[in-house]
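For the sequence shown, the working numbering gives the first residue as 134, with consecutive numbering after it.
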Amino acid sequence: MVKGMHDILPKDQDWWESLFETGWSVAGLHDFNYIETPILETAALFEASVGAATDIVDKEMYVFKTKGGERVALRPENTASVMRSYLEHHLGYFSSPLKVFYCGPFFRYDKPQKGRYREFHQWGFEILGDGDAVYDVSIILAVLDFLWSLKFKDLTLKINAVGCRICRPTYRTKLKEYYRSRKSKLCKDCVKRYDNNVLRLLDCKEPGCLEIKKEAPIILNYLCSSCNNHFRAVLELIEDNDIPYEPDPHLVRGLDYYNKTVFEVFSSKLEGSALAGGGRYDYLSEIIGGRPMPAVGAAMGMERIIEAMQESGLVPTVKRKKKVFFIAIGEEAKKASLKFINELRRAGIRTLESLGRKSLKAQLKSADKHKAGLSVILGQKEIFEESVIIRDMKTGAQETVPVGKLVERVKKGLK
Ligand code: HAM
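(1) What I want to know is whether the C-beta of D335 ends up closer than 7 Å to one or more non-hydrogen atoms of the ligand HAM.
(2) Excluding the 5 residues preceding and the 5 following I345 in the sequence, name in chain order all residues of the same chain whose CB lies nearer than 8 Å to its CB.
(3) DSSP state of L356, grouped into three classes?
(4) Nearest CA to the CA of V398: which residue from L261, L152, G434, E193?
(5) For L332, which residues in the same chain have their Cβ closer than 6 Å to its Cβ, ignoring the five residues on either side in sequence?
(6) Under a three-way DSSP split, which group does H254 fall into?
(7) Reducing DSSP to helix, strand and coil, say where A407 ends up.
(8) Please confirm if C300 has its CB atom under 8 Å from at least one CB of chain C.
(9) Counting only the same chain and skipping the five closest in sequence on each side, list residues whose C-beta sits under 7 Å from that of V367.
(10) What residues match up with Q531 in a beta bridge as DSSP calls it?
(11) If we ignore side chains and look at the alpha-carbon of each, how far apart do L142 and P238 end up?
(12) Within 7 Å: the Cβ of F253 and any heavy atom of the ligand HAM?
(13) Would you give the residue range spanned by the alpha helix (DSSP H) that F197 belongs to?
(14) If you check the beta carbons only, do A431 and H383 fall under 8 Å apart?
(15) When you compare only the Cα positions, how much space is there between F240 and S487?
(16) Using the rule of at least 16 other Cβ atoms within 10 Å of the residue's Cβ for burial, across every protein chain shown, is G131 buried or exposed?
(17) Among the candidates Q246, T450, I260, T175, whose CA atom is the shortest distance from the CA of V233?
(18) Output needed for R483: all residues of its chain with C-beta closer than 8 Å, excluding positions within five of it in sequence on either side, in chain order.
(19) For N211, which of E465, A500, G410, L447 has the nearest alpha-carbon?
(20) Counting only the same chain and skipping the five closest in sequence on each side, list residues whose C-beta sits under 8 Å from that of L162.
(21) Once DSSP output is grouped into helix, strand and coil, what is the label at C323?
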């Protein structure tokens, strides 16, 4: 397997199904509609939007030339793609604001480690076409409802503002002034960041840089009145809705397209790795050739959520139907069994089998392994008598029922 990639195996199905089920349910309740964009986009889309001087684009993007000579990238994130799709299909015409959600694989050529993969999955929510603070908080609520539905109890919402075209330049100058005399103590990457993208200095996880960051100026002291009012409105709504939060005045996020609100959500069991991140991106439309249009969104890392659930002792929330196991003894019965299995499935009964095994003992063992509540047994004698045997797998009690009563008796037995 290619380094940093991973398989999702059948044994993990309950976890993934829990996330998908929760995601679709929360999206439905919050009125988000499904959108899916291609895994391949032009590399230029992410260079312009996420930012050429971010780690995601500069170091981590899978970029290659197609046989036709087009420079493309495996998508490292989806906000830029959603905005591209919005502009290309004039989606604002159909709904304003447009509320969409997505899930799927993303690719970043990072150093593989726990909670950080080169291929990972995100579930995201985006609201395009409205700049009101109510939508910043709607996104935060969708993310938290998703995580609360999975029974997380230890979440921390960290929130900050990153200003706009008017106030950010002043803050950038202040940061440069602060870091100028400390440049020799910064890591190699941060020395580069000092020149290319000084806000990124606040994102560095190197212990030395983290220490220097502690005393760095905070943007809240430099926000213009519009950004200040917006941030205040967001915090007021957060408090009105009893959402616990922690202001983090140095939170900047690793993508350049944000303005005003930015936030991340953490679980105490996976410190240092955010389960979700997002914010407002009112300039993104213009950056990629559209008209000015405010938007806000967030995405959650699905592998990280599963890891955090496991570390927290949480269990999958998916509720599976009780199952019946169909056992056929002999060639005749095997041939006849599909008809009965179909009848059960069409009646909404989850029906398993291991028809490849010949003996009753081996098939009963399978039924036990799969924790089936009931088994339906069909042998030569039953075919002749037009009956089946229903066996309670817990007590071992068996009863013979006419085939016409199969569905009714199985349903009753599974209750
Ligand atoms: P992001 O913070 O880069 O934001 O990613 C969102 C989430 O994806 C992270 O909080 C994390 O849970 C997960 N994630 C990111 N990288 C990895 C990785 N290498 N391995 C495993 N999980 C990872 C974005 O991608 C933005 N597009 C979010 C957004 C949507 N902002 C506005 N709308």
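Don't be surprised by glycine CBs; every beta carbon is placed ideally from N, CA and C.
Note that the coordinates shown come from a computational prediction; the quantities given were computed from them, not determined experimentally.
With the given structure in hand:
(1) According to the sequence displayed, residue 335 carries Leu and not Asp. Because no heavy atom of the ligand HAM lies under 7 Å away, the Cβ of L335 does not count as near it: no.
(2) Here the set comprises Y312, R315, K318, L319.
(3) coil
(4) G434
(5) In the same chain as L332, and ignoring 5 residues on each side of it, the C-beta atoms closer than 6 Å to its own belong to V385, in chain order.
(6) strand
(7) coil
(8) The structure shown contains no chain C; it holds only a single protein chain.
(9) A266, D269, V270, T394
(10) R524
(11) 15 Å
(12) yes
(13) Taken as a continuous stretch (DSSP letters only), F197 belongs to no alpha helix (DSSP H), being part of the beta strand (DSSP E) at 196-198.
(14) Cβ distance not < 8 Å, so A431 and H383 don't count as in contact.
(15) 38 Å
(16) Nothing can be reported for residue 131: it is not among the residues displayed for the chain, which extend from 134 to 548.
(17) I260
(18) These residues qualify, in order along the chain: R453, K454, K455, K456, V457.
(19) Nearest C-alpha to N211: G410.
(20) D278
(21) Assignment of C323 by DSSP, reduced to helix, strand and coil, places it in the helix class.
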